[in-house]
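Working notes, structure below.
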Amino acid sequence: MICRCMSRFSGFLALLIILQGCATNPVTGDRTLAMPESWEIETGRANHPKILQEYSVYENPKLQAYVNEIGQKLASKSHRSNLEFTFTLLDSPQVNAFALPGGFIYVTRGIMSYMTKESHLAGVIGHEIGHVTAAHGARRAAQAQIGGIATAAVAIATGSQELTQASQMLGGALISGYGRKQELESDRLGAQYIAQHNYSPDDMVDVIGILKDQELFAAERARREGRQVQGYHGLFATHPMNDLRLQEVIAAADKYRDTTKPMPDDGRFLRLTNGMAYGESEKQGIIRGNKFYHKSLDLFIEFPPGWRIQNTPSVMTAVAPDGSKMLQMRMDSVVPPVDGVRYLGRKFPQFRNATQLKTSEDQAVSGIATLNDQRTGRTQDLRVAMINRGNQAFVLSGVGKYGLPDLEVMNVAQSVRRLKASERKLAEGREISLVKAKRGDTIASLAKRSNLDEYAEEQLRLINGLYPDGEPKHGQWIKIIK
Numbered sequence: 005m006i007c008r009c010m011s012r013f014s015g016f017l018a019l020l021i022i023l024q025g026c027a028t029n030p031v032t033g034d035r036t037l038a039m040p041e042s043w044e045i046e047t048g049r050a051n052h053p054k055i056l057q058e059y060s061v062y063e064n065p066k067l068q069a070y071v072n073e074i075g076q077k078l079a080s081k082s083h084r085s086n087l088e089f090t091f092t093l094l095d096s097p098q099v100n101a102f103a104l105p106g107g108f109i110y111v112t113r114g115i116m117s118y119m120t121k122e123s124h125l126a127g128v129i130g131h132e133i134g135h136v137t138a139a140h141g142a143r144r145a146a147q148a149q150i151g152g153i154a155t156a157a158v159a160i161a162t163g164s165q166e167l168t169q170a171s172q173m174l175g176g177a178l179i180s181g182y183g184r185k186q187e188l189e190s191d192r193l194g195a196q197y198i199a200q201h202n203y204s205p206d207d208m209v210d211v212i213g214i215l216k217d218q219e220l221f222a223a224e225r226a227r228r229e230g231r232q233v234q235g236y237h238g239l240f241a242t243h244p245m246n247d248l249r250l251q252e253v254i255a256a257a258d259k260y261r262d263t264t265k266p267m268p269d270d271g272r273f274l275r276l277t278n279g280m281a282y283g284e285s286e287k288q289g290i291i292r293g294n295k296f297y298h299k300s301l302d303l304f305i306e307f308p309p310g311w312r313i314q315n316t317p318s319v320m321t322a323v324a325p326d327g328s329k330m331l332q333m334r335m336d337s338v339v340p341p342v343d344g345v346r347y348l349g350r351k352f353p354q355f356r357n358a359t360q361l362k363t364s365e366d367q368a369v370s371g372i373a374t375l376n377d378q379r380t381g382r383t384q385d386l387r388v389a390m391i392n393r394g395n396q397a398f399v400l401s402g403v404g405k406y407g408l409p410d411l412e413v414m415n416v417a418q419s420v421r422r423l424k425a426s427e428r429k430l431a432e433g434r435e436i437s438l439v440k441a442k443r444g445d446t447i448a449s450l451a452k453r454s455n456l457d458e459y460a461e462e463q464l465r466l467i468n469g470l471y472p473d474g475e476p477k478h479g480q481w482i483k484i485i486k
């Protein structure tokens, strides 16, 4: 049966919708263009292992169980309680939470660092459940296919490269991220889900305030350091704090709550996050300024001063302050002995101009490689290097907007070495520790007791909900960093 949304399209695009059909919006019951539920479930299952490979699971069974408990409780009264929801706490310092279609929801320990009670966590998870229950991913994917078909139709019908490019830009604008309307819908649904369990919907506004403070500080820090900032994509990305529409949808959720049985804040959240890793994970390595320390790998790397470094389980990236140059490093397992020139030649088919570098490791080789983009027909030169230590090969590549980062790549390659005895402490991870504020305690005095290299007072205020100038009260539980 052809559904009513068919009337908006004709010709070539109509064929696509006939093949895909219109789905029923699980929340409103309306007919809408979306991929079927089977696609959502299959897509989530296919991509869940990739997410875990990119980020890795935070190895704390009690916290994992806690996140899952809150998530399953909220999902059980959602509009799609039939789905098999999966909730995962990721070992990432990034301030983020996101969802895959089909019920796969992720929260980073980084975002949990800035929360102070359970209702904050419930609000974030509820918001992400809202994206799943409203089938935002399925709706976006269906729109993406229309955008792709529209682009092909324009190219076939007109033969115009200019029109094809314009159509691609239009399609990209249509599907690039969740817009304000869908984020607001997730806010409304999230507020409803937490209210159904007697959390106060107003705590969602508190979460937005906490994360807005983190975003403001991150922006100010990035400005001082001459770089761009990345923030959390959802709860506060599209909302100013005085957003009347947001306040209306959250206030409307109060009707779902039994105000005679409010969910008490018994301090469970703070107790469970006591000892949670803060910042970079020791397992993945610690970044301090422009230096990288990895305890188990016995590894030290120094990047150019002022460069922004980001480390994930699969790759470490460093970007110049003005964004004109970028380096990436990966680690491969190799079987010694290794010939560095041949190794890079196999990894980069157009490798040339090999140069031996001075190193404290087994060997270090640098050269130029050219990559071909078969899709566009363009070529890209890279400065590459390989540093070999036993059965490890650290592969470094660099690109530049105005020229290759030759000196930077070679300097970073030559900086690779084992940790000095005095540096092993710097390679240890940091964690959250709870202390009860005494009379006379201030953020400044508590910052001196914290294992923080820079912006110590700002960071303590942020993780305790006291930004920008709040101070602890006598007897209040305060998070410091050990």
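Basically our numbering = 1-based index in the sequence shown + 4.
No residue lacks a Cβ here, since even glycine has one placed at the ideal position from N, Cα and C.
Predicted, not measured: the structure shown is a model, and the values here were computed from it.
Item, Value
"Pairwise C-alpha distance: residue 60 and residue 315", "12 Å"
"Beta bridge counterpart(s) of residue 404 as assigned by DSSP", "329"
"Exposure of residue 392, with buried meaning 16 or more beta-carbon neighbours within 10 Å", "buried"
"Identity of the residues DSSP links to residue 263 by a beta bridge", "In the DSSP output, where bridge partners are listed per residue, residue 263 has none listed."
"Neighbourhood of residue 92 by C-beta, 7 Å cutoff - its chain only, sequence neighbours within 5 removed", "61, 110"
"CB contact flag (residue 304, residue 471, <8 Å)", "no"
"DSSP three-state assignment for residue 371, whether helix, strand or coil", "strand"
"Nearest-angstrom Cα separation, counted from residue 209 out to residue 473", "20 Å"
"Local conformation of residue 93 per DSSP, three classes", "strand"
"Nearest-angstrom Cβ-Cβ length linking residue 52 and residue 108, presumed shorter than 8 Å", "5 Å"
"The region 399-414 contacting the region 452-472, beta-carbon criterion three pairs below 8 Å", "no"
"Whole-angstrom distance between residue 431 and residue 286, CA atom to CA atom", "7 Å"
"Outcome for residue 483 when other beta-carbon atoms lying within 10 angstroms are tallied against a minimum of 16", "buried"
"Which of helix, strand or coil DSSP assigns to residue 136", "helix"
"Length of the line joining the Cα atoms of residue 247 and residue 445", "36 Å"
"CA nearest to the CA of residue 342, picked from 441, 214, 390, 282", "390"
"Three-state secondary structure (DSSP) of residue 298", "strand"
"Inter-stretch contact (C-beta, 8 Å, three-pair minimum) for the region 321-336 and the region 393-404", "yes"
"Inter-residue Cα distance where the pair is residue 278 and residue 268", "19 Å"
"Exposed unless 16 or more other CB atoms sit within 10 angstroms - verdict on residue 135", "buried"
"Sequence-distant residues of its chain with Cβ nearer than 6 Å to residue 156 (five each side left out)", "Legend: pLDDT at residue 156 = 40, less than 50; position of this residue unreliable, no value from coordinates given."
"Per-residue burial, residue 228 [other beta carbons within 10 Å of its own, 16 or more giving buried]", "exposed"
"Cβ-Cβ distance between residue 36 and residue 84 below 8 Å", "no"
"Neighbourhood of residue 427 by C-beta, 7 Å cutoff - its chain only, sequence neighbours within 5 removed", "297, 304"
"Beta-carbon contacts of residue 123 that lie in its chain and below 6 Å, excluding the five residues immediately before and after", "203, 207"
"Check whether residue 129 and residue 75 have beta carbons under 8 Å apart", "yes"
"Option nearest residue 322 by Cα separation, candidates 294, 346, 349, 348", "294"
"Pick from 264, 31, 292, 372 that is closest to residue 408, judged by C-alpha positions", "372"
"Cβ-based neighbour list, residue 436, same chain, cut-off 7 Å, excluding 5 preceding and 5 following", "117, 277, 278, 279, 280, 282, 483, 485"
"Close beta carbons around residue 120, own chain, < 6 Å, minus the five adjacent residues each side", "469"
"Terminal residues of the beta strand (DSSP E) in which residue 481 lies", "481-485"
"Residue 479 to residue 442 span [Cα, whole Å]", "6 Å"
"Same chain, Cβ closer than 7 Å to residue 40, five either side skipped, listed in chain order", "27"
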